[in-house]
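There are 4 protein chains.
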Amino acid sequence: MTEKQEKIVSSALRLFAEQGYASTSTSKVAKEAGVSEGLIFRHFKNKEGLLQAILSQGQEKVSHMFRSLESVNDPKEVIRRIIELPFSIEEDQKAFWKLLYALKWQANVYDDTMSIPIKQVLVPAFEKLNYSNPAAEAESILILIDGLAVAVLLRKPEQIGAIKQSILNKYHL
Amino acid sequence: MTEKQEKIVSSALRLFAEQGYASTSTSKVAKEAGVSEGLIFRHFKNKEGLLQAILSQGQEKVSHMFRSLESVNDPKEVIRRIIELPFSIEEDQKAFWKLLYALKWQANVYDDTMSIPIKQVLVPAFEKLNYSNPAAEAESILILIDGLAVAVLLRKPEQIGAIKQSILNKYHL
Amino acid sequence: MTEKQEKIVSSALRLFAEQGYASTSTSKVAKEAGVSEGLIFRHFKNKEGLLQAILSQGQEKVSHMFRSLESVNDPKEVIRRIIELPFSIEEDQKAFWKLLYALKWQANVYDDTMSIPIKQVLVPAFEKLNYSNPAAEAESILILIDGLAVAVLLRKPEQIGAIKQSILNKYHL
Amino acid sequence: MTEKQEKIVSSALRLFAEQGYASTSTSKVAKEAGVSEGLIFRHFKNKEGLLQAILSQGQEKVSHMFRSLESVNDPKEVIRRIIELPFSIEEDQKAFWKLLYALKWQANVYDDTMSIPIKQVLVPAFEKLNYSNPAAEAESILILIDGLAVAVLLRKPEQIGAIKQSILNKYHL
DNA sequence: GATGAATGAGTTTTCATTCAT
DNA sequence: AATGAATGAAAACTCATTCAT
Chain D
350 MTEKQEKIVS SALRLFAEQG YASTSTSKVA KEAGVSEGLI FRHFKNKEGL
400 LQAILSQGQE KVSHMFRSLE SVNDPKEVIR RIIELPFSIE EDQKAFWKLL
450 YALKWQANVY DDTMSIPIKQ VLVPAFEKLN YSNPAAEAES ILILIDGLAV
500 AVLLRKPEQI GAIKQSILNK YHL
Chain R
350 MTEKQEKIVS SALRLFAEQG YASTSTSKVA KEAGVSEGLI FRHFKNKEGL
400 LQAILSQGQE KVSHMFRSLE SVNDPKEVIR RIIELPFSIE EDQKAFWKLL
450 YALKWQANVY DDTMSIPIKQ VLVPAFEKLN YSNPAAEAES ILILIDGLAV
500 AVLLRKPEQI GAIKQSILNK YHL
Chain Y
350 MTEKQEKIVS SALRLFAEQG YASTSTSKVA KEAGVSEGLI FRHFKNKEGL
400 LQAILSQGQE KVSHMFRSLE SVNDPKEVIR RIIELPFSIE EDQKAFWKLL
450 YALKWQANVY DDTMSIPIKQ VLVPAFEKLN YSNPAAEAES ILILIDGLAV
500 AVLLRKPEQI GAIKQSILNK YHL
Chain G
350 MTEKQEKIVS SALRLFAEQG YASTSTSKVA KEAGVSEGLI FRHFKNKEGL
400 LQAILSQGQE KVSHMFRSLE SVNDPKEVIR RIIELPFSIE EDQKAFWKLL
450 YALKWQANVY DDTMSIPIKQ VLVPAFEKLN YSNPAAEAES ILILIDGLAV
500 AVLLRKPEQI GAIKQSILNK YHL
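Protein chains in written order, with our numbering: chain D, 350 to 522; chain R, 350 to 522; chain Y, 350 to 522; chain G, 350 to 522.
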């Protein structure tokens with residue numbers, strides 16, 4: 350990726366996350382990135398291609414996040430780490446996650462693949478802890494994580510520490 | 350509201366929910382509603398006005414949902430009812446909620462007012478049950494509800510019963 | 350067709366014929382027709398649709414031209430009339446024919462249907478005159494007609510009368 | 350001409366002939382030729398220059414075709430040879446002729462120079478055969494040739510042999 | 001000679017909105 | 001109230017051409 354390509358991707362990510370994919374014109378992106386509009390199409394074929402480039406670039410970082418979970422053995426530690434995921438989204442990753450969550454609501458874009466690796470780690474953890482329905486417990490955590498992500502990304506929850514504690518308590522962590 | 354007005358509102362709601370507000374053109378709405386494009390603007394002034402009409406029509410039904418909570422006295426019952434809210438979204442209301450959740454991610458539209466009445470009922474309930482941090486507990490529930498809404502509206506969760514049970518257990522309900 | 354629609358069609362026909370379909374922008378057409386560019390797309394869906402509208406409008410007039418041939422009985426008269434067709438293209442029809450001939454050379458547009466009704470009249474005529482290979486004679490006439498059309502539409506052949514006579518002589522007309 | 354230059358010219362010729370000059374972008378040409386887009390401009394200055402290169406390269410081969418006619422003395426043989434010209438277009442020359450004929454219809458490109466050497470040979474031939482209007486006869490042949498070229502280049506005439514015979518008969522050849 | 005990134009002007013197309021009827 | 005023709009501005013995308021390397 351050339352410097353300008355990266356500039357396009359990062360500008361687009363910021364704008365798509367802030368104003369939505371559909372409401373952000375390619376000309377806004379070009380202006381923000383300080384390049385000609387044509388360059389976007391030369392590098393990414395079309396607006397959709399630009400979105401895909403953003404998405405797959407993000408996926409890599411996400412996979413990296415998840416991979417660190419695989420080495421953890423203690424089931425309680427696994428669950429704690431997963432619950433803490435939304436709280437540990439770094440400032441420069443927020444735009445990516447905002448975009449991803451916003452896109453969920455757009456028909457035909459919904460993509461659940463991200464939850465699969467989490468489930469693969471969670472279910473065994475609940476099994477080890479002898480929960481009666483490990484699959485349902487894993488689903489519940491995923492649901493909780495979605496809620497936490499909304500809170501972290503859209504609101505700036507004041508009592509974030511207290512909330513985290515309250516949730517961890519429910520799982521005796 | 351005349352019959353045609355209602356047709357416009359319901360068609361717009363369906364389309365906005367499915368494809369997003371920004372990606373739905375007024376001409377698509379007109380076609381779906383079987384009316385002329387001009388009529389939308391005669392009745393709702395502009396696209397934004399149409400959205401507002403949809404939103405305030407929905408708000409009425411939402412207020413109604415909440416009002417039934419006020420009469421409940423038993424704190425455990427209050428909490429249970431609130432957790433069950435997302436599961437009780439009726440099929441014909443789903444489009445409205447999808448639209449509302451999708452709009453959350455659109456900059457400058459985020460609106461937290463809906464959570465206020467819930468908090469006003471939840472905090473006293475947790476106080477009565479002697480939870481150590483009732484405000485944080487209330488926040489946690491709101492977060493959970495957002496997660497549940499995503500699940501109910503976007504996925505077709507098979508084990509929805511088991512999930513609900515797992516969550517209620519956390520609150521000893 | 351409204352007045353503006355017809356204005357668009359006639360302007361487009363003139364420009365497409367003069368400068369070629371691909372080299373004529375819709376904005377040129379709009380300017381020439383004195384309408385907004387958007388109107389072209391509202392009425393004809395896209396540039397291709399505008400072309401089709403021009404073509405099918407032209408086809409009607411052409412069919413009319415051909416229908417008058419069907420009532421002729423004398424085979425010699427049939428042949429003479431057909432040979433004279435290119436010479437009888439009226440000034441206001443020239444643009445249509447220029448466009449049609451130009452499009453022939455564009456891959457995937459070539460369309461031979463126009464020659465079918467001519468063949469259906471020509472072959473029987475040559476049969477009646479006891480030509481040894483009526484089908485080949487009909488084809489030869491069609492070929493000649495294409496050549497004549499090129500001459501009439503692109504050049505202003507000086508000795509047009511003499512040329513016509515020379516050709517008719519070949520068929521003893 | 351370097352190898353790459355020739356690759357550009359031959360690719361451009363094929364594409365211009367198949368899809369038209371205006372509808373063929375320089376980037377398509379570059380891709381087809383397997384060279385960078387910039388190279389086209391380094392070698393041919395601009396798109397128009399590329400076209401001219403194709404055209405003048407073709408002209409050479411055409412002149413060669415005509416030159417062989419000059420040595421023929423028998424007037425009947427001259428006429429026969431000229432009528433046979435369109436049938437003798439070799440497969441690898443068809444693209445060039447298609448391009449040339451397509452360009453005729455593009456305003457301000459029409460170029461009649463090619464017909465001049467033919468006329469210079471044909472008129473004397475008809476004079477020798479005592480035709481009453483040799484100039485008109487020559488024109489008729491040119492017109493016929495245009496028609497034959499359309500047939501040979503655009504259609505795949507099955508009965509081409511029969512057609513050729515039918516035409517030669519008209520000139521008692 | 002050759003590449004490919006980059007541009008700017010233009011092209012096709014969409015869309016919210018207005019207006020005469 | 002209702003239509004549908006019409007618009008102007010902006011959107012997505014294309015393309016011939018330039019230029020640094």
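Glycine included, each C-beta is placed from N, C-alpha and C at the ideal position.
With contacts defined as CB atoms closer than 8 angstroms, Y/Leu362 and Y/Leu448 qualify as a contacting pair.
Under the 8 angstroms Cβ criterion, the region 424–440 of chain G counts as touching the region 492–510 of chain G, having at least three qualifying pairs. Any Cβ of chain D closer than 8 angstroms to the Cβ of R/Ala382 would place that residue at the interface, and such an atom is absent. Using a C-beta cut-off of 8 angstroms, the region 463–481 of chain G makes contact with the region 408–422 of chain G, since at least three inter-stretch Cβ pairs fall below that distance.
In the DSSP annotation of this structure, the continuous segment of the alpha helix (DSSP H) that includes D/Met414 starts and ends at 396–419. When 7 angstroms is used as the limit between beta carbons, R/Ile431 is near no residue of chain D, the shortest such separation being about 13 angstroms.
DSSP places R/Asn482 in the coil class of the three-state scheme, outside both helix and strand.
Within chain G, the residues whose beta carbon sits less than 7 angstroms from that of Y/Lys447 are Trp454, listed in sequence order. Y/Gly496 carries a helical assignment under DSSP once its states are collapsed to helix, strand and coil. For Y/Gly387, the uninterrupted alpha helix (DSSP H) run begins and ends at 386–393, by DSSP.
Contact check for R/Leu399 against R/Ile389 passes: the beta carbons are separated by less than 8 angstroms.
With 16 or more other CB atoms across the displayed protein chains lying within 10 angstroms of its CB, D/Glu488 is buried.
With a threshold of 16 other beta carbon atoms within 10 Å, D/Gly369 meets it and is buried.
The beta carbons of D/Leu491 and D/Tyr450 sit no closer together than 8 angstroms. At a Cβ-Cβ threshold of 8 angstroms, R/Lys519 and D/Lys519 count as neighbours. The distance from the Cβ of Y/Leu364 to that of Y/Lys356 is about 12 angstroms, inconsistent with a contact at the 8 angstroms cut-off.
Any Cβ of chain D closer than 8 angstroms to the Cβ of R/Asp441 would place that residue at the interface, and such an atom is absent. Around R/Gly407, the same chain offers Phe445 as residues with beta carbons nearer than 6 angstroms, after the five sequence neighbours per side are excluded. Membership of Y/Ala511 in the alpha helix (DSSP H) is indicated by the continuous run 509–519.
Under a criterion of Cβ atoms nearer than 7 angstroms, the residues of chain Y adjacent to G/Glu486 are, in order, Ser515. Annotated three-state conformation of R/Lys505 is coil, per DSSP. Put simply, the backbone Cα of R/Asn422 is about 12 angstroms away from that of R/Phe475.
A buried status is given to Y/Leu493, since no fewer than 16 other beta-carbon atoms sit within 10 Å of its beta-carbon.
Contact of G/Leu478 with chain Y by beta-carbon distance below 8 angstroms is absent, the smallest such distance being about 13 angstroms. For Y/Gly387, there are no neighbours in chain G by C-beta distance under 9 angstroms, as the nearest C-beta there is about 24 angstroms away. For Y/Ala474, no Cβ of chain G is located within less than 8 angstroms of the residue's own Cβ.
Straight across, the Cα-Cα distance linking D/Leu452 with R/Ser360 is about 22 angstroms. Rounded to whole angstroms, the separation of the alpha carbons of R/Glu486 and R/Val427 is 13 angstroms. Judged by their CB atoms, D/Glu386 and D/Thr373 are not nearer to each other than the 8 angstroms cut-off.
In the three-state reduction of the DSSP assignment, R/Ile467 falls in the helix class. Against chain Y, a Cβ distance below 8 angstroms from G/Ile512 picks out Ala485, Glu488, Ser489, Ile492.
Taking a Cβ-Cβ threshold of 7 angstroms, the residues of chain D close to R/Ser372 are Ala371, in chain order. Assignment of Y/Ile438 by DSSP, reduced to helix, strand and coil, places it in the coil class.
By the criterion of a C-beta distance shorter than 8 angstroms, Y/Leu522 is surrounded in its chain by Lys425, Ile428, Arg429, Ile432, once the five residues flanking it on both sides are discounted.
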